[in-house]
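So the sequence shown is residues 185 to 940, counted in our numbering.
Scroll down for the structure; my scribbles are underneath it.
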Amino acid sequence: LYWLVGESTHILGHLHPDLQRRSRYRARATALAEKLGIQQYIGDLLRHQESWERVLKTFERIARGTPQTKGPNAQRVVWFIDMDAQTLEPKEQKWGKNERWTAGRKIAPTQLLYDKLDSFTNQDQAVVKSLRSRYRDRIDPRIQYRNDELYYDFAQALYLLAGHPHLYLVGRQQIPIEIMRAKPQLFLTETEQGIHLRMEPRAQRSPYVIQQETPTRYRAYYFSDTELQLAKAIGEGTHMPKETIGRLELLLDDLQEKVTVHSSLALADSDLPKVEGDATPCLHLLPFKEGLKLQFTVKPLAEESLYFPAGEGIARQVITTSDGERILSRDLLAEQSRKDAVITACPVLQRVEGFNNEWQLENIEDCLQLLLELRPLQEAGTITVEYPKGEKIRLRAVNSTGDLSVRVQKERDWFEVDGELRVDEGQVLEFSKLLAHLKKSDSPFVELKPGEFIALTEEFQQRLHEIEGMLQQKGKHWQLSELAAPALEDIAAELAELEVDAAWQEKLRRMEKAQRIRPRVPKDFRAELRPYQLDGFRWLSRLAAWGVGACLADDMGLGKTVQALALLSARAKHGPSLVIAPASVARNWIAETNRFAPGLLPHLLETSKDAEWVTQLEAGDLLVVSYGLLPFVEDLLIAKPFNVIVLDEAQAIKNRATKRSQIVMELQADFRIATTGTPIENHLGELWNLFRFLNPGLLGSQRHFNEKFAKPIQRDNDPLRREQLRRMIRPFILRRHKSEVLTELPPKTEVILTVE
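Okay, here's the thing in structure tokens:
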């Protein structure tokens with residue numbers, strides 16, 4: 185009894201309409217529970233819900249009706265529909281890590297009947313109404329069914345799915361379709377004999393009817409009992425004599441309350457605005473297997489999404505437009521005549537048999553030939569061509585690069601290249617799509633969109649290959665090194681336009697200016713450079729003026745050190761410089777500097793202790809550090825900007841994974857030099873890492889370099905890629921063999937020592 189009193193008081197504390205009394209009951213219930221040591225449950229189950237809580241829960245319920253569409257945990261239900269077999273299959277898809285929907289997990293009919301998956305929307309769940317049993321008259325959720333005894337009433341299911349955002353035709357290409365609900369319509373058309381009556385669409389045994397409007401748009405109809413009775417009475421169509429017109433006119437108002445009526449009986453006297461329909465054929469194209477499917481329609485009003493089979497239907501009817509109801513007049517004979525003219529002008533349509541205003545072209549060559557045949561009709565305005573979403577198609581033969589425009593603009597450490605190929609006045613193709621096609625196919629046909637192609641001439645393809653060799657792809661973007669400027673300038677005259685920004689123009693000016701300078705060895709430099717060494721000094725000076733790195737790769741004994749010292753002396757006033765060398769030759773750098781370069785003050789850093797003085801280095805100072813000491817003075821060197829950095833015996837950084845390699849990549853310098861007699865000892869990856877120091881980004885990422893150069897050259901001995909790589913690095917490597925400069929070397933000195 186005490187428990188009952190406590191629960192009753194608890195319930196009143198949650199549900200009493202008076203807030204003050206509710207509060208008192210709640211306090212009394214709590215006191216009873218503590219005094220008697222009982223636990224109260226029912227009141228919690230019947231807890232009063234504040235109005236704001238009810239509103240919030242309504243929001244949550246509505247929001248859950250449409251699950252999250254994208255994101256890490258997103259999932260959705262997609263319906264795959266086979267219009268021929270009249271079957272449909274729902275699948276639950278999840279948003280994958282690759283930012284694409286998964287193929288999907290099949291949802292069995294029993295899951296739709298008994299389970300409520302989180303991915304189900306209210307519309308998905310409503311399709312359960314279309315489930316049927318093969319062995320029972322109706323579905324009873326209390327009965328446990330097997331999947332093999334359940335099926336969908338196809339027409340009813342599509343009616344319930346009208347407006348669903350994820351409907352696709354079954355097939356490899358999974359074409360999205362649109363289903364819209366519509367009402368059956370009764371048409372009364374005046375003829376010479378009287379009146380012709382028909383229902384659209386024709387009724388079936390089921391009250392649900394699906395009718396195709398375009399290749400990817402369907403209308404779903406539901407016939408009420410009254411509409412079914414009318415449809416059954418009319419059948420495929422009924423003719424009535426003229427004397428019945430008066431009786432029919434009296435019935436129109438009553439009929440219109442029960443069914444949508446389109447009648448020409450009163451159209452002549454109607455106050456509705458009248459519009460003349462355009463008889464121009466409107467061809468719909470969409471992917472079909474490996475080819476295309478074409479369907480003839482007319483689109484009487486360009487601004488409205490109303491389509492009719494060409495030459496079929498009634499001549500005058502009331503339509504609903506975005507501006508309200510209008511009386512549409514169509515010239516059915518003109519529509520049929522224009523349709524026949526198109527077929528006559530397109531031999532492909534004569535060769536391939538069409539059915540019910542539809543042609544199916546599975547062969548890609550037939551498709552391309554059809555596009556070519558349709559092109560002059562489109563240009564003349566004889567037809568319009570649409571994709572399911574209204575996009576036009578074109579086919580254009582490009583005979584030269586004269587329709588190609590290229591843009592070059594600065595993006596961080598790179599120049600980004602894009603552009604467009606002008607197909608016609610209103611159609612362009614992105615330059616990146618041309619290059620993407622070039623990488624994957626040798627075909628001269630480039631697909632602009634599904635079913636849309638252009639043809640490239642052989643000359644144009646060759647030019648595109650030349651341009652592609654200069655570029656590196658990063659994501660959807662194509663990047664160009666400033667060093668490709670001369671090659672691009674050679675092609676510029678053939679382009680419709682080469683648009684460059686100020687940064688590119690500055691690079692060109694700087695490169696051209698660097699090539700014109702005549703560097704001079706400082707007067708106080710004490711070494712007399714031989715002609716090839718003087719050439720090396722000038723070459724280094726021009727690259728320094730250009731602002732790019734240099735690899736001096738002369739044979740051992742040809743004086744790489746003295747050439748580098750001459751450059752360091754000439755640039756001494758621009759700031760302190762750094763030489764990193766093997767420990768065995770570090771002191772030799774100090775000695776050579778003291779001997780030949782009085783304008784430089786050399787400093788050998790031998791220990792990391794008390795090395796803070798490095799931060800005080802000034803113009804004219806030359807710091808020499810061994811590779812072994814780098815990890816211990818890493819922070820000091822990275823923080824200090826240098827004028828010139830010289831890596832002596834630069835093959836020491838050939839392995840990108842080593843600590844020394846990682847450190848030198850972070851050093852700051854206006855000009856970088858690598859001296860080495862063996863720029864490549866084992867494989868091309870060493871060259872890539874060397875140039876990552878000298879000219880970061882020149883050879884792209886390691887993955888790009890391996891795919892474009894290393895694998896084709898080392899595995900396939902590809903001469904094209906070898907030549908492309910040679911052209912890319914040639915401006916930055918100076919390599920002379922002893923045999924080439926033999927006449928400039930001093931006479932060989934022989935010293936004979938006798939050992940006892």
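Glycine is no exception: its CB is placed at the ideal position from the N, C-alpha and C atoms.
Note that the coordinates shown come from a computational prediction; the quantities given were computed from them, not determined experimentally.
- prompt: Can you tell me whether E924 is buried or exposed, with buried defined as 16 or more other CB within 10 angstroms of its CB?
  reply: That one is exposed.
task: Return yes when the Cβ of R910 is within less than 8 Å of the Cβ of P896, no when it is not.
output: Result no, Cβ atoms of P896 and R910 do not sit closer than 8 Å.
query: If you draw a straight line from the alpha carbon of L682 to that of T842, how long is it in whole angstroms?
result: Roughly 43 Å separates the two Cα atoms.
message: Can you tell me whether G1023 is buried or exposed? The criterion is at least 16 other CB atoms within 10 Å of its CB, across all chains shown.
response: What the structure shows of the chain is the stretch from 185 to 940, and residue 1023 is not part of that stretch, so it cannot be assessed.
task: Taking only runs that begin and end inside the region 315-361, name each unbroken beta strand (DSSP E) of 3 or more residues, in chain order.
output: Under the rule that a run must span 3 or more residues, the beta strand (DSSP E) segments found entirely inside the region 315-361 read 315-317, 334-336, 351-353.
task: Would you check if the distance between the CB atom of I361 and the CB atom of L370 is smaller than 8 Å?
output: Not closer than 8 Å, so no.
Per-residue burial, I394 [other beta carbons within 10 Å of its own, 16 or more giving buried]: I394 comes out buried.
message: Under DSSP, the beta strand (DSSP E) around Y402 begins and ends at which residues?
response: Boundaries of the beta strand (DSSP E) harbouring Y402: 401-406, taken from the DSSP string.
query: Hey, T799 and A834: beta-carbon distance below 8 Å or not?
result: With respect to A834, T799 sits apart: the two C-beta atoms are not nearer than 8 Å.
query: Can you tell me where the beta strand (DSSP E) with M267 in it begins and where it stops?
result: Here M267 belongs to no beta strand (DSSP E), and DSSP marks it neither H nor E.
task: Determine the extent of the alpha helix (DSSP H) in which I418 is found, giving its start and end residues.
output: For I418, the enclosing alpha helix (DSSP H) covers residues 409-418.
field: Chain-order list of residues whose beta-carbon lies under 7 Å from that of P628 (same chain, five-residue window excluded)
entry: Beyond the five residues adjoining it in sequence on each side, P628 comes within less than 7 Å, by CB distance, of A639, L640, Q645 in the same chain, given in chain order.
field: Cβ contact check for the region 860-869 and the region 884-895: 3 or more pairs under 8 Å
entry: Contact between the region 860-869 and the region 884-895 is present: three or more C-beta pairs spanning the two stretches fall below 8 Å.
field: Every unbroken alpha helix (DSSP H) within the region 848-918, with a cutoff of 4 residues, ordered by chain
entry: Counting whole runs of 4 or more residues, the region 848-918 contains the alpha helix (DSSP H) stretches 868-878, 886-889, 895-898, 903-913.
- prompt: Can you round the beta-carbon distance between Q520 and A494 to whole angstroms, since I take them to be within the 8 Å contact cut?
  reply: Correct: roughly 7 Å between the Cβ atoms.
field: Distance between T410 and E441 (C-alpha atoms, nearest Å)
entry: The straight-line gap from Cα to Cα measures roughly 11 Å.
query: Hey, is A287's beta-carbon within less than 8 Å of any beta-carbon in chain C?
result: The chain inventory of the structure shown lacks chain C, comprising one protein chain alone.
- prompt: Are there 16 or more other CB atoms within 10 angstroms of the CB of V939, so buried, or fewer, so exposed?
  reply: Counting C-beta atoms within 10 angstroms of its own C-beta, V939 has fewer than 16 neighbours from the protein chains shown and is therefore classed as exposed.
query: Cα-Cα, which of L490, P368, R431 is closest to V445?
result: The residue with the shortest Cα to Cα distance from V445 is P368.
- request: Decide if the region 808-828 is in contact with the region 784-794; the criterion is three or more beta carbon pairs, one per stretch, under 8 Å apart.
  value: In short, these stretches touch, since the Cβ pair count reaches three.
query: What separation, rounded to the nearest whole angstrom, lies between the Cα atoms of N583 and R500?
result: Confidence in N583 is poor, its pLDDT being 48 and thus under 50, which makes the residue's placement too unreliable to answer from.
field: the region 523-540 in contact with the region 497-514 per 3-pair CB rule at 8 Å
entry: When C-beta atoms of the region 523-540 are compared with those of the region 497-514, fewer than three pairs fall below 8 Å, so the two segments do not count as touching.
query: Using the C-alpha atoms, what's the distance from A729 back to R693?
result: If I take the Cα positions, the gap works out to 11 Å.
- prompt: Hey, Q307 and L301 are a contact pair by Cβ (cut 8 Å); roughly how many whole angstroms apart?
  reply: In fact, because the Cβ distance is near 13 Å, the residues do not count as touching under 8 Å.
message: Taking 8 Å as the threshold (C-beta atoms), are D739 and H621 in contact?
response: For H621 and D739, no; Cβs fall outside 8 Å.
- request: Provide the residue(s) that pair with L736 in DSSP beta bridges, ordered along the chain.
  value: When beta bridges are read from the DSSP output, L736 appears opposite T859, L918.
query: Taking the alpha carbon of L512 as the point to measure from, which residue in K458, T505, K660 has its own alpha carbon closest?
result: The closest CA to that of L512, considering only K458, T505, K660, is found on K458.
message: On the DSSP bridge list, what partners appear for W662?
response: Bridge pairing for W662: V601, Q657 [DSSP].
field: Rounded separation between R514 and G461 - CA only
entry: If you draw a straight line from the Cα of R514 to the Cα of G461, it is about 5 Å long.
message: For G948, which residues in the same chain have their Cβ closer than 8 Å to its Cβ, ignoring the five residues on either side in sequence?
response: This structure leaves residue 948 out entirely; the chain is present only between 185 and 940.
Cβ pair R722, P706 closer than 8 Å: R722 is not a Cβ neighbour of P706, given a cutoff of 8 Å.
field: Contact the region 548-567 vs the region 589-605: 3+ CB pairs below 8 Å
entry: Under the three-pair Cβ rule at 8 Å, the region 548-567 does not count as touching the region 589-605.
field: First and last residue of the uninterrupted beta strand (DSSP E) at V502
entry: Start and end: 500-505.
Residue span of the beta strand (DSSP E) that contains N541, given as start and end: Annotation for N541: no beta strand (DSSP E) segment contains it, and DSSP assigns it neither H nor E.
query: According to DSSP, is K300 helix, strand or coil?
result: DSSP, reduced to helix, strand and coil, places K300 outside both helices and strands of the structure shown, so it counts as coil.
query: For A518 versus A463, is the C-beta spacing smaller than 8 Å?
result: Judged by beta-carbon spacing, A463 lies within the 8 Å limit of A518, meaning their Cβ atoms are closer than that value.
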